[in-house]
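Worksheet: the structure to be examined is printed underneath.
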Amino acid sequence: MTNDGVVVDEAIRAAWDSYRVLEKRTSAKERQQAQQRVQAAMDAYGREEVSRGTVFLVGVLTGFLMAEQDGGEDRSS
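Residue numbers (this note's numbering): 209 to 285.
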């Protein structure tokens, strides 16, 4: 985590890549690349930071889905 409490971009990407590893439609080559990116993020920032990235990503996606369910937001402004 950065000094200002922001999750590093690579940790968020690793969270998404973790999903891609589990997704059955992901090709073997893409799965291998995703695994390498996850491992590189854990090596560089630690497992805890990658976990924070996962929580952040889930929170953002949940917020988006809840906004959609509530009729969405006015995105024209």
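All C-beta atoms, glycine included, are put in the ideal place defined by N, C-alpha and C.
Next on the checklist: By alpha-carbon positions, which one of G213, A248, V214 ends up nearest to D225?
Outcome noted: Here residue 225 is taken as the residue at index 17 of the sequence shown, counted from 1. Closest option to D225, Cα to Cα, is A248.
Next on the checklist: DSSP three-state label for T270, please.
Outcome noted: Start at 1 with the first residue of the sequence shown, and residue 270 comes out as number 62. T270: helix per DSSP, three-state reduction.
Checklist entry - Leaving out five residues before and five after R228 in sequence, what residues of the same chain have Cβ atoms less than 6 Å from its Cβ? => result For the purposes of this step, residue 228 is identified with residue 20 of the sequence shown, where counting begins at 1. Correct list, in chain order: T234, A242.
Next on the checklist: Within a Cβ cutoff of 8 Å, which residues of the same chain sit near R221, ignoring the five residues on either side of it in sequence?
Outcome noted: Numbered from its first residue, the sequence shown carries residue 221 at position 13. R245, A249, G261.
Next on the checklist: Please report the straight-line C-alpha distance between K232 and M274, rounded to a whole angstrom.
Outcome noted: In the sequence shown, counting from the first residue as 1, residue 232 sits at position 24. In the sequence shown, counting from the first residue as 1, residue 274 sits at position 66. Cα-Cα distance, rounded: 26 Å.
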